[in-house]
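K.L.:
Take 0 as the starting number for the sequence shown in numbering that gives the first Met the number 0 and just add one per residue.
C-beta: ideal position from N, C-alpha, C; glycine also.
Let me begin by handing over the structure; questions about it come next.
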Amino acid sequence: MNLSVQLAPGNAKGLLLANPVMTASGTFGYGIEYENLFDIQRLGAIVCKGTTLAPREGNPQPRIVETASGVLNSIGLQNIGVDALIAEKAPIWAGWRVPVIVNIAGETVDDYASLAKRLDGVAGISGLEVNISCPNIRAGGAEFGASPDTAAAVTAVVKKTTSLPIMVKLTPNTGDIVAVAVAVAGAGADAISLINTLKGMAIDIRTRRPILGNIYGGLSGPAVKPVALHMVYQVAGAVDVPVIGSVGIRTADDAIEFIMAGASAVQVGSANLTSPRAALDVLEGIERFMQDERIGDITELIGSAR
Ligand SMILES: Cc1cc2nc3c(=O)[nH]c(=O)nc-3n(C[C@H](O)[C@H](O)[C@H](O)COP(=O)(O)O)c2cc1C
0 MNLSVQLAPG NAKGLLLANP VMTASGTFGY GIEYENLFDI QRLGAIVCKG
50 TTLAPREGNP QPRIVETASG VLNSIGLQNI GVDALIAEKA PIWAGWRVPV
100 IVNIAGETVD DYASLAKRLD GVAGISGLEV NISCPNIRAG GAEFGASPDT
150 AAAVTAVVKK TTSLPIMVKL TPNTGDIVAV AVAVAGAGAD AISLINTLKG
200 MAIDIRTRRP ILGNIYGGLS GPAVKPVALH MVYQVAGAVD VPVIGSVGIR
250 TADDAIEFIM AGASAVQVGS ANLTSPRAAL DVLEGIERFM QDERIGDITE
300 LIGSAR
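Below you can see the structure in the form of structure tokens.
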């Protein structure tokens, strides 16, 4: 049975995954934290926490609220910064079989260029996920992903600065996600991942105050899955680069829906917060499904509902 997928066919380095199951940025740390819990080397790829030039402490607490079939988060890109990532995390990743993709976020276009430059050629890093979609930081983030022009500008700068494969992560908080996807693909993205979280909030009726310290955050989880699935279906039909689907993936069935909609790979996010080996369970479920359905190659499933 062949589960391997190529996520950067247009890039000289390529980004070949042994299988289509990835972890989503911000929900799996640097992967290292999970090494003793299960065999993380079996995963298709690990995407690390959103990384900025300088370390960030993130937003004030509380930063997570459970909602009906979902989770609101406003972590605000708490991270160790790119220098510590290169010094402390990448050398560990360099000894792994599973590819690690670094999720990068900036407040300006120059920030993205500097991050891409710093990370180019660092052993242990197989690709970049360009986060133009973080909904809960004050500057940058989702603002870049909201319009085709700014999304394309960030993509072009990163593409010019690095030889690493780049996937650009889109936000649903925009008028026309297909137009943004087409612009990003035209600007040189090797792949497109979608979606990031939907902006949302919750209020404590006893204190009469917003629950999140940041007032608003990003909603993900099963409640948003049909929205994400539809967007993946639309985008996969509009671009000719690989698409990576996420939001609401808890089980193999969820993942297979995204793959049938046109995703070449999937990202498991907040499911990791309740079950650390969720991504591996999803992978094993896909393998069982392929066995039951006598499918020899995962590519037979990609876009099969289209
Ligand atoms: C606690 C938390 C932190 C996140 N941090 C990031 C991040 O740093 N960068 C990013 O691009 N997405 C981040 N996300 C979004 C996820 O990578 C992913 O797009 C989304 O959560 C997938 O939906 P799911 O949680 O339903 O699986 C975060 C999500 C959560 C729940």
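From which residue to which residue does the beta strand (DSSP E) around E128 run?
P.N.:
G126 to N130
K.L.:
Three or more beta-carbon pairs under 8 Å between the region 189-208 and the region 242-252, yes or no?
P.N.:
yes
K.L.:
How big is the Cα-Cα spacing for V267 and D253?
P.N.:
10 Å
K.L.:
Here's the rule: buried if 16 or more other CB atoms are within 10 angstroms of the residue's CB, otherwise exposed. What is S73?
P.N.:
buried
K.L.:
Of the choices G199, G236 and R205, whose alpha-carbon is the least far from that of A67?
P.N.:
G199
K.L.:
Would you report the Cα separation of E65 and I202, rounded to the nearest angstrom?
P.N.:
Taking the straight line joining both Cα atoms gives about 12 Å.
K.L.:
How many Å lie between W95 and E283 at the Cα?
P.N.:
20 Å
K.L.:
To the nearest angstrom, report how far apart G9 and L127 are at their CA atoms.
P.N.:
15 Å
K.L.:
Below 8 Å on the Cβ atoms is my contact criterion, and I expect R55 with L76 to pass it. Report the Cβ-Cβ distance as a whole number of Å.
P.N.:
5 Å
K.L.:
What's the gap between the Cα of E286 and the Cα of N18?
P.N.:
10 Å
K.L.:
Smallest Cα separation from C133: which of Q5, I39, G28 and S219?
P.N.:
Minimum Cα distance to C133 is reached at S219.
K.L.:
For K88, which residues from the same chain have a beta carbon less than 6 Å from its beta carbon, with the 5 sequence-adjacent residues on both sides left out?
P.N.:
Y29
K.L.:
Just to confirm my understanding: we take M230, look at its own chain, exclude 5 residues before and 5 after, and list those with CB closer than 7 Å. What are they?
P.N.:
P171, I176, L193 and I194
K.L.:
Could you give the first and the last residue of the continuous beta strand (DSSP E) run that contains A192?
P.N.:
Going by the sequence as given, residue 192 is Ser instead of Ala. If you look at S192, you'll find it in the beta strand (DSSP E) that goes A190 to L193.
K.L.:
Leaving aside the five residues before and after N130 along the sequence, list all residues of the same chain whose C-beta is less than 8 Å from its C-beta, in chain order.
P.N.:
S24, G49, N102, I103, A104, G140, K168 and N195
K.L.:
Assuming M0 contacts G295 (C-beta within less than 8 Å), just tell me the rounded distance between them.
P.N.:
6 Å
K.L.:
Using the Cβ count rule (16 or more neighbours within 10 Å means buried), how would you classify P98?
P.N.:
buried
K.L.:
What residues in its chain sit with their C-beta under 7 Å from that of G144, if we drop five residues either side in the sequence?
P.N.:
I131, S132, A150, L169, T170, T173 and V179
K.L.:
According to DSSP, is N172 helix, strand or coil?
P.N.:
coil
K.L.:
Who are the near neighbours of P221 in its chain, counting only those whose CB is closer than 7 Å to its CB and skipping five residues on each side?
P.N.:
The answer, listed in chain order, is S68, G69, G247 and R249.
K.L.:
Measure the alpha-carbon distance for D280 versus T298 and round it to whole angstroms.
P.N.:
20 Å
K.L.:
Would you identify the three-state DSSP class for R62, choosing helix, strand or coil?
P.N.:
Here R62 sits in coil by DSSP.
K.L.:
If you draw a straight line from the alpha carbon of T315 to that of T206, how long is it in whole angstroms?
P.N.:
Outside the modelled stretch of the chain, which goes from 0 to 305, sits residue 315, for which no answer is possible.
K.L.:
Under three-state DSSP, which class holds R41?
P.N.:
helix
K.L.:
Let me check you understand the geometry: is the CB of K48 closer than 7 Å to at least one non-hydrogen atom of ligand 3?
P.N.:
As presented, the structure is devoid of ligand 3, carrying ligand 1 as its sole ligands.
K.L.:
So, I100 versus S125, is the Cβ gap smaller than 8 Å?
P.N.:
I100 is a Cβ neighbour of S125, given a cutoff of 8 Å.
K.L.:
N35: which of R293, D291 and P275 sits nearest, CA to CA?
P.N.:
Cα-wise, what sits closest to N35 is P275.
K.L.:
Quick check on DSSP: helix, strand or coil for I91?
P.N.:
helix
K.L.:
Report yes if the C-beta of S274 is less than 7 Å from at least one heavy atom of ligand 1; otherwise report no.
P.N.:
no
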